[in-house]
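Taken in order, these protein sequences are the chains called A and B.
With the numbering used here, letter number 118 in the first sequence gets 118, and the count goes up by one each step, no holes.
Add 212 to a position in the second sequence, counting from 1, and you land on the number used in the numbering used here.
Worksheet: one structure, shown below.
Protein chains: 2
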Amino acid sequence: MQSNLAVTDKTRVKRGPKRADYSIERIHQIIDASLLCHVSQCVEGQPFITPTCHWRQGDYLYWHGHSHARNLSVGQPVAVNICQLDGLVMARSAFHHSINYRSVTLFGIPELVTDKQEQTESLRWFVDKISPERWAQLRPMTETELKATGIVRLKIQEASCKVRAAPPVDDADDYEWPVWAGVIPLEKRWGSMEQDPVQSVDYPEPKLSDAF
Amino acid sequence: MQSNLAVTDKTRVKRGPKRADYSIERIHQIIDASLLCHVSQCVEGQPFITPTCHWRQGDYLYWHGHSHARNLSVGQPVAVNICQLDGLVMARSAFHHSINYRSVTLFGIPELVTDKQEQTESLRWFVDKISPERWAQLRPMTETELKATGIVRLKIQEASCKVRAAPPVDDADDYEWPVWAGVIPLEKRWGSMEQDPVQSVDYPEPKLSDAF
Ligand SMILES: Cc1cc2nc3c(=O)[nH]c(=O)nc-3n(C[C@H](O)[C@H](O)[C@H](O)COP(=O)(O)OP(=O)(O)OC[C@H]3O[C@@H](n4cnc5c(N)ncnc54)[C@H](O)[C@@H]3O)c2cc1C
Ligand SMILES: Cc1cc2nc3c(=O)[nH]c(=O)nc-3n(C[C@H](O)[C@H](O)[C@H](O)COP(=O)(O)OP(=O)(O)OC[C@H]3O[C@@H](n4cnc5c(N)ncnc54)[C@H](O)[C@@H]3O)c2cc1C
Ligand code: HEM
Ligand code: HEM
Chain A
1 MQSNLAVTDK
11 TRVKRGPKRA
21 DYSIERIHQI
31 IDASLLCHVS
41 QCVEGQPFIT
51 PTCHWRQGDY
61 LYWHGHSHAR
71 NLSVGQPVAV
81 NICQLDGLVM
91 ARSAFHHSIN
101 YRSVTLFGIP
111 ELVTDKQEQT
121 ESLRWFVDKI
131 SPERWAQLRP
141 MTETELKATG
151 IVRLKIQEAS
161 CKVRAAPPVD
171 DADDYEWPVW
181 AGVIPLEKRW
191 GSMEQDPVQS
201 VDYPEPKLSD
211 AF
Chain B
213 MQSNLAVTDK
223 TRVKRGPKRA
233 DYSIERIHQI
243 IDASLLCHVS
253 QCVEGQPFIT
263 PTCHWRQGDY
273 LYWHGHSHAR
283 NLSVGQPVAV
293 NICQLDGLVM
303 ARSAFHHSIN
313 YRSVTLFGIP
323 ELVTDKQEQT
333 ESLRWFVDKI
343 SPERWAQLRP
353 MTETELKATG
363 IVRLKIQEAS
373 CKVRAAPPVD
383 DADDYEWPVW
393 AGVIPLEKRW
403 GSMEQDPVQS
413 VDYPEPKLSD
423 AF
């Protein structure tokens, strides 16, 4: 089994190469830990960008929306980034301030998912990523709903990951400078559930996901 | 004083137009509440995307990096998105699941900040956005550091904002479906500070920012 993606001209990290990683396992982890990606597209030289939810099955990254949405137009190259801001890196000099982060960038040409069974299974996967076991409890999906929905997938084959997870790195002469230095982590968590005010029965609360 | 940006072909929200907003005040609020943007660029038809920290002064959005970084190349159009995922919207049907969010997309051609005083003031603004009053406590910035740094700014004039902040909206027939429905808010907060292990003095902890 191949464990690293091949590095290409597009994915070679030039700035900060020691933070680069092409491990498939690592890339999958970062994708799965996040609900949100940004899809970048060019239309006649004009860049567009769309924040969108994503999910992963095997070697494919998926996203969905209205079947005519721009970010679902297929057959054209996209660049997708998925990242988490993990903390503020507070150095002794302004120059060496930084961010601890995990970040994946993918390149490729998305394809439309057209097989009905794959579409349905894929949406189920998505809903259960958001909240485990939820799909089975919901009012079943209809034909009309499925028809209105576009799903695309992008093969995870041209991608890079860049990670920073460390205390500040200051110039040797600055370590005694009298100011607090270190990392301020950013924490994310699900807050208390806000049940729909029109709902009068106390149904069991949904399960939570580890992806933010 | 103009209070809304003019809508253009690029910024007219077609999908979900009732969530659209062009209020300058609202756009500034969303920009200021966030530390992270995504910059989308085209190079000969190939899209690229870079997650980057940003800050705002007046009508300009700024970002910085190595003076030769790709996301600082100027004179070419960019699209920038800044968004916050505020909560999961749990409906009775899979189809009506959604996300509560605040999102701004900007279009334009960034310009290089070349005036030394504007550069310095701008970096100070950035550092103090991350942690109020920090700049004045740091080892002062040097000429060499300033020279290595590229700063660009983008006029906030072609931009849209899209916001969802509401309970689920289900089909009329589904409201009695026996499953928990409502919103699960995502909370972000700064965790406990991790002082650099090499630092042996207890300096006062840095002030925290409200932007995530
Ligand atoms: C956290 C988050 C998660 C999302 N998840 C999904 C998802 O899973 N599936 C999905 O279909 N959509 C999702 N969206 C909405 C998505 O960003 C788009 O608004 C939607 O997909 C319609 O895209 P479009 O290009 O067809 O829009 P159009 O309406 O055709 O876009 C036209 C113009 O409207 C403006 N606009 C569109 N979207 C936004 C935006 N988000 N913010 C600011 N301006 C905007 C831009 O100026 C754009 O050029 C999500 C948004 C956020 C913030
Ligand atoms: C939360 C966050 C905040 C950041 N803030 C800043 C900032 O304020 N200023 C700044 O200069 N940089 C910032 N970065 C880093 C930024 O994303 C770029 O890595 C950096 O700017 C170098 O860009 P470049 O195009 O010159 O990189 P290059 O090294 O020339 O890019 C070449 C290739 O490397 C890969 N690559 C580059 N960056 C990333 C990435 N982030 N994730 C995955 N693959 C990548 C891509 O495949 C890319 O095509 C931030 C990153 C994150 C995740
Ligand atoms: C937990 C699961 C889901 C989440 C979090 C989710 C989230 C979203 C979001 C945020 C949007 C954009 C709305 C906007 O423009 O503001 C969207 C659009 C859409 N979703 Fe989902 N969705 C989910 C499941 C589904 C399922 C299962 C279907 C199909 C059965 C579906 C079909 C659609 C369609 C058709 C649109 C486009 C709506 C339009 O632009 O008119 N979604 N979804
Ligand atoms: C709180 C303030 C700051 C934060 C959060 C910050 C954050 C960052 C981040 C995340 C990067 C990317 C590093 C990477 O590729 O992994 C970066 C790069 C860079 N920053 Fe900053 N920065 C800050 C202040 C400054 C200041 C004040 C200067 C100049 C005096 C500066 C100069 C640079 C330069 C030159 C690079 C490019 C490094 C390289 O690619 O070789 N930064 N910054």
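Using N, Cα and C, we set each Cβ at its ideal position, and we do this for glycine too.
DSSP state of Ala-348(B) mapped onto helix, strand, coil: Stepping through the second sequence from its first residue, residue 348(B) is reached at position 136. Ala-348(B): helix per DSSP, three-state reduction.
Under 9 Å (Cβ pairs) to chain B, residues found in the segment 148-159 of chain A: Ala-148 and Thr-149
Any C-beta of chain B under 8 Å from that of Ala-94(A): Working through the first sequence from its first residue, we reach residue 94(A) at position 94. With 8 Å as the cut-off, Ala-94(A) counts as an interface residue toward chain B.
His-266(B) at chain A interface by Cβ criterion, 8 Å: Here residue 266(B) is taken as the residue at index 54 of the second sequence, counted from 1. Taking Cβ atoms only, chain A never reaches closer than 8 Å to His-266(B), which makes this a no.
Local conformation of Ala-306(B) per DSSP, three classes: Within the second sequence, residue 306(B) is the residue found at index 94, counting from 1. Here Ala-306(B) sits in helix by DSSP.
Status (buried if at least 16 other CB within 10 Å, exposed otherwise) for Val-391(B): For this step, residue 391(B) is matched to residue 179 along the second sequence. Answer is buried; the Cβ neighbour count reaches 16.
CA-to-CA distance, Ile-31(A) to Ile-82(A), given in whole angstroms: Taking the first residue of the first sequence as 1, we reach residue 82(A) at position 82. Taking the first residue of the first sequence as 1, we reach residue 31(A) at position 31. Going from the Cα of Ile-82(A) to the Cα of Ile-31(A) covers about 7 Å.
Under 9 Å (Cβ pairs) to chain A, residues found in the segment 390-412 of chain B: Pro-390, Val-391, Trp-392, Ala-393, Gly-394, Val-395, Ile-396, Pro-397, Leu-398, Glu-399, Lys-400, Arg-401, Trp-402, Gly-403, Ser-404, Met-405, Glu-406, Gln-407, Asp-408, Pro-409, Val-410 and Gln-411
Closer than 7 Å: His-278(B) CB and nearest ligand 2 heavy atom: By 1-based counting over the second sequence, the position of residue 278(B) is 66. Yes, the Cβ of His-278(B) comes within 7 Å of a heavy atom of ligand 2.
CA-to-CA distance, Val-183(A) to Trp-275(B), given in whole angstroms: Translated into the one-based positions of the second sequence, residue 275(B) becomes position 63. Translated into the one-based positions of the first sequence, residue 183(A) becomes position 183. Approximately 21 Å, taken between the alpha carbons.
Glu-370(B) classed as buried or exposed, judged by whether at least 16 other C-beta atoms fall within 10 angstroms: For the purposes of this step, residue 370(B) is taken as residue 158 along the second sequence, with counting starting at 1. Residue burial is scored here from C-beta neighbours: Glu-370(B) has at least 16 other C-beta atoms within 10 angstroms and is therefore classed as buried.
Cys-265(B) and Ile-99(A) closer than 8 Å at C-beta: To locate residue 265(B), count along the second sequence from 1; it is residue 53. To locate residue 99(A), count along the first sequence from 1; it is residue 99. Result yes, Cβ atoms of Cys-265(B) and Ile-99(A) sit closer than 8 Å.
Through-space distance from Pro-379(B) to Trp-190(A), alpha-carbon basis: Walking along the first sequence from the start, residue 190(A) turns up at place 190. Walking along the second sequence from the start, residue 379(B) turns up at place 167. Rounded to whole angstroms, the gap between the alpha carbons of Trp-190(A) and Pro-379(B) is 16 Å.
beta-carbon Phe-95(A) near ligand 6 non-hydrogen atom, thresh 7 Å: Although ligand 6 was asked about, the structure shown includes only ligand 1, ligand 2, ligand 3 and ligand 4 as ligands.
His-278(B) - partner residues in DSSP beta bridges: Locating residue 278(B) in the second sequence gives position 66, where the first residue counts as 1. Its beta-bridge partners are Thr-361(B).
Three-state secondary structure assigned by DSSP to Trp-402(B): The count along the second sequence starts at 1 and reaches residue 402(B) at position 190. It is a strand residue.
Pairwise C-alpha distance: Gly-108(A) and Arg-153(A): Here residue 153(A) corresponds to residue number 153 of the first sequence, with the count starting at 1. Here residue 108(A) corresponds to residue number 108 of the first sequence, with the count starting at 1. One C-alpha to the other measures close to 10 Å.
Against chain B: residues of the segment 24-45 of chain A by CB proximity under 7 Å: Leu-35, Leu-36, His-38, Ser-40, Gln-41, Cys-42 and Gly-45
Listed by chain order, chain A residues near Tyr-234(B) by CB distance under 8 Å: Translated into the one-based positions of the second sequence, residue 234(B) becomes position 22. Chain A residues near Tyr-234(B): none, gap ~18 Å exceeds 8 Å.
Supposed close pair Val-78(A), Val-39(A) - CB separation, criterion 8 Å: As a position in the first sequence, residue 78(A) is number 78, starting the count at 1. As a position in the first sequence, residue 39(A) is number 39, starting the count at 1. Yes, they are in contact, since the Cβ atoms of Val-78(A) and Val-39(A) sit about 5 Å apart, within 8 Å.
Per DSSP, cross-strand counterpart(s) of Phe-319(B): Translated into the one-based positions of the second sequence, residue 319(B) becomes position 107. BP columns for Phe-319(B) point to Ala-291(B) and Glu-370(B).
C-beta atoms of Gln-41(A) and Gln-76(A) nearer than 8 Å: To locate residue 41(A), count along the first sequence from 1; it is residue 41. To locate residue 76(A), count along the first sequence from 1; it is residue 76. Yes. Within cutoff.
8 Å Cβ cutoff, Ser-315(B) in contact with chain C: This model lacks chain C altogether, as its protein chains are A and B.
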